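Under our numbering, the residue at position 36 of the sequence shown is numbered 36, and the numbers go up by one with no gaps.
Glycine included, each C-beta is placed from N, C-alpha and C at the ideal position.
Predicted model, so just to flag it, every value in this text is computed and none were measured.
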Amino acid sequence: MKIGEWHFPEDLLYDEHHQWLKREGKTITIGLSDYGQYTRGDILYLSLPELGTQVKAREAVGSLETGKWVGRFYAPQTGEICAVNAEVLKNSRLINQDPYGHGWLFKIKTDSSEGQRHMNVEQHKVWLELELEREKACDV
1 MKIGEWHFPE
11 DLLYDEHHQW
21 LKREGKTITI
31 GLSDYGQYTR
41 GDILYLSLPE
51 LGTQVKAREA
61 VGSLETGKWV
71 GRFYAPQTGE
81 ICAVNAEVLK
91 NSRLINQDPY
101 GHGWLFKIKT
111 DSSEGQRHMN
121 VEQHKVWLEL
131 ELEREKACDV
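Put into structure tokens, the structure is as follows:
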């Protein structure tokens, strides 16, 4: 689905941090959405959580830097980091080039439903359009 000029696959979930989530059984893959990577600009550096790290829902678990901005990644759910994308650590621009493919960030194994405030693409469309309107109002 297109929202503005950005693409959002319909089979993914999204959160308020502009992250996408793909649930496969008890494992959740997390990445930055097309809109998220666009607004942050060219990603020059990132840090991701280590394998085996226990994380809590909504906890900051990593960071990224662009030429003018520093931000964080968040755990969408409580669980354990079970995979980290080594490719993206070597080449952070994969996040900008292929956010839904080679640009994924990390995976969490979870048994918990804690933190499940994720949006399907239709809910995300409504939410993002409201966010864009708020930003537009602030720029005036």
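Counterpart residues of H7 in DSSP-defined beta bridges: For H7, which the question treats as bridged, DSSP gives the partners K2.
Other residues of its chain near R93: CB distance less than 7 Å, five sequence neighbours each side excluded: Cβ within range, chain order: D42, I43.
Per DSSP, the bridge partner or partners of W20: Y14, G31
Reduced DSSP secondary structure (H/G/I, E/B, other) of A83: strand
Backbone CA spacing between V55 and D111 [nearest angstrom]: 12 Å
Simplified DSSP state of A57, which is helix, strand or coil: coil
For Y100, three-class secondary structure by DSSP: coil
Secondary structure of R151, DSSP reduced to three states: What the structure shows of the chain is the stretch from 1 to 140, and residue 151 is not part of that stretch, so it cannot be assessed.
Sufficient close CB pairs (3 or more, under 8 Å) joining the stretch 118-128 to the stretch 88-104: no
Distance between beta carbons of G36 and H18, contact taken as under 8 Å: 3 Å
Beta-carbon contacts of E59 that lie in its chain and below 6 Å, excluding the five residues immediately before and after: A75
L51 and I81 closer than 8 Å at C-beta: In contact: L51 and I81 (Cβ atoms closer than 8 Å).
S47: first and last residue of the uninterrupted beta strand (DSSP E) it sits in: 45-47
Cβ-based neighbour list, E87, same chain, cut-off 8 Å, excluding 5 preceding and 5 following: L94, H102
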